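Here the structure comes first, spelled out in structure tokens, and everything after it is commentary.
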Amino acid sequence: MSDPINNAGTRSGFIAVVGAPNVGKSTLINHVVGTKVSIVSPKVQTTRTRVLGICMTGEGDNKAQVIFIDTPGIFEPRRRLDRAMVHAAWSGAGDADHVLLLVDAERGMDKNTRAIIERLTKTQRTVVLAINKIDLVNKPDLLGLTAKLQDTGVFSELFMISAEKGDGVAELLDHLAGLLPEGPLLFPEDQITDMPERHLAAEVTREQLYRKLHQELPYAATVETESWEDKKDGSIRIGQVVFVERDTQKAIVLGKGGHQIKAIGAAARAELETMFGAKVHLFIFVKVREKWGDDPDRYRDWDLDFNA
Ligand code: GDP
Ligand code: MG
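See below:
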């Protein structure tokens, strides 16, 4: 029996994951959550809005709920959409109990990472550092980078991880859990994200657009779930729209005889069926909306600040 007086209770709190685009923030969060809550791609700026990945760790009195805030990569903004994304990233960091900075072991201290560290030095909070993708570099290179990063004096702790392979991730998670304030769990134990299902479904299709189309196009495209119907037979009927900016882009998304959109739809449907554990009927329409990047409605849909 546990002593009621010494019962430490649970911990629960927010960790903002920040870093340059493409360092592996979403990969790490999906790994700890155990399923995909944030889309990942080799292209930069895949994550557009703030995404929560909720992860339970420990047992009994050591139980902790680590709520990761995945943020869009922080980079120098040019377009309105970029500015809104950077704003979302920094406000995610502001909302959190602690900040985890991810650095790409291979790219090291690039311009983006340097700028982020500079800004972090001005915040009076614990910043944990994780050097990711250690599977891609050899030890000597890693030591040089580690020394340079520690010289900044910003970090309370340093971890070396491979978010993709899982190396070092358990130790990092344990450490982060220990930093969180004691208190009741902020979300039900089995909840893994706060993203509405229709939004998650749109993200799954957007990821397939990134994967199947190799031109610049994916940045010019956005996906919205317009209809969702839970059928009596247990299946789900989902209607989505892919917005592009020009007719030529629409032609690329459709492909010859519609083969491209069929492949995108088939891949997205398969993933949605696994995600929701149900048969999915997915209907995707492609619409041209010139300048959707300047349309306030699109921003509201993603919880981005149009005027950032
Ligand atoms: P984000 O922009 O920071 O969210 O980065 P993503 O999670 O989207 O990852 C960007 C790319 O890096 C993807 O192609 C990932 O598969 C890859 N990646 C992430 N973590 C690792 C890792 O530990 N090792 C290797 N080799 N690749 C990784
Ligand atoms: Mg991401």
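When the sequence shown is numbered by the working numbering, its final residue is 316 and no position is left out of the sequence of numbers.
Note that the Cβ used here is the ideal one computed from N, Cα and C, for glycine as well.
These numbers were taken from a predicted model, which means no experiment stands behind them.
Taking all protein chains shown into account, decide if residue i is buried (16 or more other Cβ within 10 angstroms of its Cβ) or exposed.
i: F291; result: exposed
i: V296; result: exposed
i: I13; result: Because the pLDDT at I13 is just 38, under 50, the model does not fix this residue reliably, and the point stays unresolved.
i: R122; result: exposed
i: L137; result: buried
i: R127; result: exposed
i: L151; result: exposed
i: K270; result: exposed
i: N146; result: exposed
Would you check if the distance between the CB atom of residue i and the CB atom of residue j is smaller than 8 Å?
i: L181; j: N140; result: no
i: A275; j: Q216; result: yes
i: R19; j: L188; result: yes
i: E237; j: A210; result: no
i: I37; j: D103; result: no
i: V294; j: V261; result: yes
i: A101; j: V94; result: no
i: E129; j: V177; result: Note that residue 129 corresponds to Thr in the displayed sequence, not to Glu. Going by C-beta atoms, T129 is not nearer than 8 Å to V177.
i: A28; j: I82; result: yes
I'd like the span of the beta strand (DSSP E) that includes residue i, first residue to last.
i: A72; result: A72 to D78
Where does residue i fall in DSSP's three states?
i: D112; result: strand
i: D241; result: coil
i: A171; result: coil
i: L137; result: strand
i: I200; result: coil
i: A271; result: helix
i: G21; result: strand
i: G247; result: strand
i: S99; result: helix
i: I37; result: helix
i: T233; result: strand
i: E205; result: helix
i: K287; result: coil
i: L150; result: helix
i: L194; result: coil
i: T65; result: strand
Can we count residue i as close to the ligand SAH, meaning its CB is less than 7 Å from some heavy atom?
i: K44; result: Summarising the ligand content, the structure contains the ligand GDP and the ligand MG and does not contain the ligand SAH.
If you follow the alpha helix (DSSP H) that residue i is in, where does it begin and where does it stop?
i: N146; result: Segment: none, N146 is in no alpha helix (DSSP H) and carries neither H nor E.
i: T129; result: K119 to T129
i: V261; result: D255 to L262
i: H222; result: Premise fails: H222 is in no alpha helix (DSSP H) and is neither H nor E.
i: G266; result: Where G266 is concerned, there is no enclosing alpha helix (DSSP H), given that its DSSP letter is neither H nor E.
i: L187; result: V177 to L187
Which residues in the same chain have their Cβ closer than 6 Å to the Cβ of residue i, if we skip the five residues on either side of it in sequence?
i: I62; result: I75, F195, Q199 and I200
i: G247; result: E234, S235 and F291
Please confirm if residue i has its CB atom under 8 Å from at least one CB of chain C.
i: H39; result: Although the question refers to chain C, the structure presented lacks it and comprises just one protein chain.
To which residues of the same chain is residue i closer than 7 Å at the C-beta, ignoring the five residues directly before and after it?
i: A185; result: R19, T65, G66, A72 and V74
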